[in-house]
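These protein sequence lines map, in sequence, to chains A and B.
Numbered per the working numbering, the first sequence spans residues 1375 to 1783.
Numbered per the working numbering, the second sequence spans residues 235 to 589.
A virtual CB, placed ideally from N, CA and C, is assigned to each residue, including glycine.
Have a look at the structure below before the remarks.
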Amino acid sequence: MRASSLLRSLKVVSRRSPINPVVCSFHSSSLRAATNGVTTPHADPQLKNYKFWNREESTPGQFSYLLEISPESIQKEARIISLTAPDDEANHALHEGALPMGCRLLGTGSTLQDFNELRNSDQQPNVVFVSPSCPKARVQLPLVLAAFPTIEWIHCRSAGIDFVVSDALVGYKHIPCTNAKGQFSSSLAEYTMMACSYFAKDLPRLMRQKKEKNWAKYEVEELRGKTMGIVGYGDIGRACAKIAHVYGMKIVALRRNPSISEVDPLCDVVYGTGKSSLNKLMSESDYIVCSAPSTVETRGMVNADAFKAVKENAVFINLGRGPVVDEKALIEALKTGRLRGAALDVFIEEPLPPESEFWDVSNVLISPHNMDQTGSFMHEATEFFVNENLPRFVCGEDLLNPVDVEIGY
Amino acid sequence: LTMDDSNKKYYNRETSIPFSSDGDVIKEAKILSLGKADDVNNEPLYKGRLPEGSKLLAIGTVMGDFDIPALKAQEPNVIFVSSCTREVLLQLLDAFPTIEWVHSRSTGIDHIQSKGLAAAEHVVVTNSKGCFSSTLAEYTLMACAYFAKDLPRLMRQKQHKDWNKYEVLELRGATLGVVGYGDIGRAASKLAKAYGMKVIALRRNPSLSKGCSICDKVYGADQLNTLMSESDYILVAAPLTDITRGLIDADAIAHAKKDAVLINVGRGPIIDEDAMIDALNNGKLKGAGLDVTTLEPLPTESPLWELDNVLLSPHNMDVTATFLRESTEFFVKENLERFVRGVTLLNLVDKVAGY
């Protein structure tokens, strides 16, 4: 499975007979018979629907027994414009790389003005690729969509689409929109387990004792046997559950559509949304992981009420979006000791202003929204667009990772 | 989830099936406890239910605590060791030739190991292998992440109210080299695999791990330098024996990969501490996570206290509120029940090899 990641870099395209599986960019046609391409034992049952991508579980070009990129299989051209910060190197695969057959990059820019030349050309774009690096993307995207009514697909380079969602954009909800769901999940799962251990082994105490040259044995806690409650059980939540499960933790998941995860082997319990569900999860979890997207529904969802319901000594981890949490209530819960501690990678305001009380609360682990920021993460997100979704688009197949701009994720 | 055949001979807290005490009791255990009378962790022995006919004869830590003539008449056959010196143990074995079995509440037996013990052919030794492994595995992955996500930098930045986005490393795709692939090594590998790490195992008998589903490669002891050159994170989980003492020396460290991190949960003397300190100072090693050191408590003069790239813990990363009690429970519920039924004991130690 992993070997086919080599295939990404090959750009040779040819059609061969089924007996000789072709080594071709984006697919190996030896994946013939699979109606269920999922091979890992604990794979997300949702993947069976072919809708979503996960960097660990999905095979590059996995569903490409459906695809044969040849002149005959191309149903339409992809004429792409990229809404991006100038010189965004992460977009190399799109801006400078070789694109799949049938795909062309018409131009890059940060504002509608940058695309003025295109407006009168006979080559009108039908795809817009938008990166969070683009300043004021939220303003520019609807302007671009208005100026180029030929656009039929919007792809967001990141997983969170809150950077671009607006009432104006909802006006274009008829245009399919996709994102980078599944690209960053494993890094964040690693962070989550580190955050849990940070409190279980009392890492702050270790560092303190080291400073004082104090050799004092103290008791540590195990993660084994403890409960992890995941608020917003999407791809990130699932990646966390996958690792936590091997640690011997129990998983309680919460999501809008609990039925989707009913058969998920990783979840012990799945709740739907609703006041009592969240409080129930809070009361049952030793470690709460908040990985929900920021939407109209989730804003301020984890509030004072929820924190009142927490189990004794609970730890709160937020790696989704700051606005999902009522920060005042969180600070209160930390200061009063209601929460043992928190690990926060995201905040309502980023960068976190120096006046924020979080800096001074001792039982908080703060990171500058970088716990998924590997050297290559954004490059890989762009490569996903180029190698996975662009071929699907030109061959007329379903795109991966559809999002609903009205619902917000 | 059996990793290899040794599950039949050894105990693992996560995977072993509890002993079913159905069979007939064929002898009695008459137990001496070499340990403290007020040690609450020994309550499963001091106050718990023992197999039919078996009893605890005496508790003590030095020879003076035991009424030798009186006890001799009762013919004690088991010694449960939780706190003692190797000299006292030898003296007890001398005084009571009826002893057939010595069980150590800890896993490491380096503190009671001796030539005299090894020579006492009528005495078998067992330990608590497998009782503490998962906790140490959790520590291991935490130590890896500590360096991969640069936790020290996060704490520094917080102190300075500095919001500075920096790149982190993934554990996924990195290689964990395990020196001493026993129960702890396996538990750590299980977790490492879940993270998507690659695992290289090193042990005296590599054939024992043939077909092991959680290691990608298995090396023999002569391939240490190869392991060092291939691993991003090296876990030392070996017991302390004549062979392993000073095993990770300057030469081995010189073969380390760039930015390698060394983690020790075995015994301090396995690593040449001076060589390691040098390597930490000159950047040959990116960092170290040490739960054990050559001297414990670590003397304040040790340079380890002041090295920024060292995560230091006071040999407590397996010290949960219940771990010693659970180890005593293992002795009572698993091995004592086997002993009185003539069933082979779990966790037999090779007295000559020292583990």
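Please confirm if tyrosine 1783 of chain A has its CB atom under 8 Å from at least one CB of chain B.
no
Inspect the CB distances between the region 574-586 of chain B and the region 250-263 of chain B and report whether three or more fall short of 8 Å.
yes
Helix, strand or coil for isoleucine 1610 of chain A? Go by DSSP, reduced to three states.
helix
On the DSSP letters alone, give me the boundaries of the beta strand (DSSP E) that methionine 1568 of chain A sits inside.
First-last for methionine 1568 of chain A: 1559-1574, but that is the alpha helix (DSSP H), not the beta strand (DSSP E).
Would you tell me roughly how many angstroms separate the C-alpha atoms of leucine 541 of chain B and glutamate 1586 of chain A, rounded to the nearest one?
13 Å
Excluding the 5 residues flanking valine 1397 of chain A on each side, which residues of the same chain have their C-beta closer than 6 Å to its C-beta?
Confidence at valine 1397 of chain A is low in this model, with a pLDDT of 26, below 50, so its placement is unreliable and no value can be given for it.
For a contact meaning CB atoms closer than 9 Å, what does tyrosine 373 of chain B contact in chain A?
Correct list: Ser1571, Lys1575, Val1594.
In three-state DSSP terms, what is threonine 578 of chain B?
coil
Measure the C-alpha to C-alpha separation of valine 1768 of chain A and isoleucine 1705 of chain A and round it to an integer number of angstroms.
Computed Cα separation, rounded: 50 Å.
Starting from the C-beta of cysteine 1641 of chain A, find all residues in its chain whose C-beta is less than 6 Å away, skip the five residues before and the five after it, and write them out in chain order.
Excluding residues within five positions, the ones whose Cβ falls inside 6 Å are Ile1625, Ala1627, Ser1635.
Can you confirm whether the region 336-349 of chain B touches the region 1537-1549 of chain A when touching is taken to mean that 3 or more C-beta pairs between the two stretches lie within less than 8 Å?
With contact defined as three or more Cβ pairs closer than 8 Å, the region 1537-1549 of chain A and the region 336-349 of chain B are not in contact.
Excluding the five sequence neighbours on either side, which residues of its own chain have a C-beta within less than 6 Å of the C-beta of arginine 1766 of chain A, listed in chain order?
Leu1773
Please determine, among B/Leu529, B/Asp512, B/Arg438, the residue with the shortest C-alpha to C-alpha distance to proline 503 of chain B.
B/Leu529
Please classify arginine 1582 of chain A: is it buried, with 16 or more other beta-carbons within 10 angstroms of its beta-carbon, or exposed?
exposed
Taking only beta-carbon atoms, is proline 1749 of chain A less than 8 Å away from chain B?
At residue 1749 of chain A the sequence reads glycine, which differs from the proline that was named. Yes, contact with chain B.
Can we say the region 1525-1537 of chain A touches the region 1647-1662 of chain A, given the rule of at least three CB pairs closer than 8 Å?
no
Helix, strand or coil: how does DSSP classify threonine 1482 of chain A here?
strand
Any beta carbon of chain B sitting closer than 8 Å to that of glutamate 1467 of chain A?
Here residue 1467 of chain A is alanine; the residue named in the question, glutamate, does not match the sequence. No, no contact with chain B.
So, does the CB of tyrosine 1661 of chain A fall closer than 8 Å to a CB anywhere in chain B?
no
Taking the straight line between their C-alpha atoms, what separation do you get for histidine 1743 of chain A and leucine 1726 of chain A?
10 Å
Measure from the alpha carbon of asparagine 1692 of chain A to the alpha carbon of each residue in A/Ala1755, A/Met1623, A/Met1567, then state which is nearest.
Comparing Cα positions, the closest option is A/Met1567.
Under the rule that 16 or more other beta-carbon atoms within 10 Å means buried, what is lysine 1575 of chain A, buried or exposed?
buried
Can you tell which of B/Thr554, B/Glu568, B/Leu290, B/Glu334 has the C-alpha that lies nearest to the C-alpha of valine 1594 of chain A?
B/Thr554
Taking the beta carbon of arginine 390 of chain B as the centre, do at least 16 other beta carbons fall within 10 Å, making it buried, or is it exposed?
Exposed, since its Cβ has fewer than 16 Cβ neighbours within 10 Å.
Mind checking asparagine 581 of chain B: buried by the 16 CB within 10 Å criterion, or exposed?
buried
Got a sec: which bits of the region 1701-1731 of chain A sit with their beta carbon under 8 Å from any beta carbon on chain B, in order along the chain?
Glu1724, Pro1725, Leu1726, Pro1728
DSSP puts glycine 517 of chain B in a beta bridge; with which residues?
Paired residues: none, contrary to the question.
Using a beta-carbon distance below 8 Å, is arginine 1598 of chain A in contact with chain B?
Against chain B, the CB of arginine 1598 of chain A has a partner CB under 8 Å away; the residue lies at that interface.
Less than 8 Å between the beta carbons of phenylalanine 1681 of chain A and alanine 1716 of chain A, yes or no?
no
Which stretch, first to last residue, makes up the alpha helix (DSSP H) that contains threonine 360 of chain B?
Not the alpha helix (DSSP H): threonine 360 of chain B falls in the beta strand (DSSP E), residues 358-360.
Cutting at 8 Å between CB atoms, please list the residues of its own chain near aspartate 1488 of chain A, excluding the five before and the five after it.
Gly1481, Thr1482
Does tryptophan 1427 of chain A have its Cβ less than 8 Å from a Cβ in chain B?
Answer no: the Cβ-Cβ gap between tryptophan 1427 of chain A and chain B never drops below 8 Å.
Checking 8 Å against the spacing of the C-beta atoms, do alanine 428 of chain B and lysine 1616 of chain A come in under that value?
yes
Hey, quick one: how far does the alpha helix (DSSP H) through cysteine 365 of chain B stretch, first residue to last?
Where cysteine 365 of chain B is concerned, there is no enclosing alpha helix (DSSP H), given that its DSSP letter is neither H nor E.
Secondary structure at isoleucine 293 of chain B, three-state DSSP: helix, strand or coil?
It is a strand residue.
Which residues in chain A have a C-beta closer than 7 Å to the C-beta of tyrosine 429 of chain B? List them in chain order.
Glu1564, Ile1617
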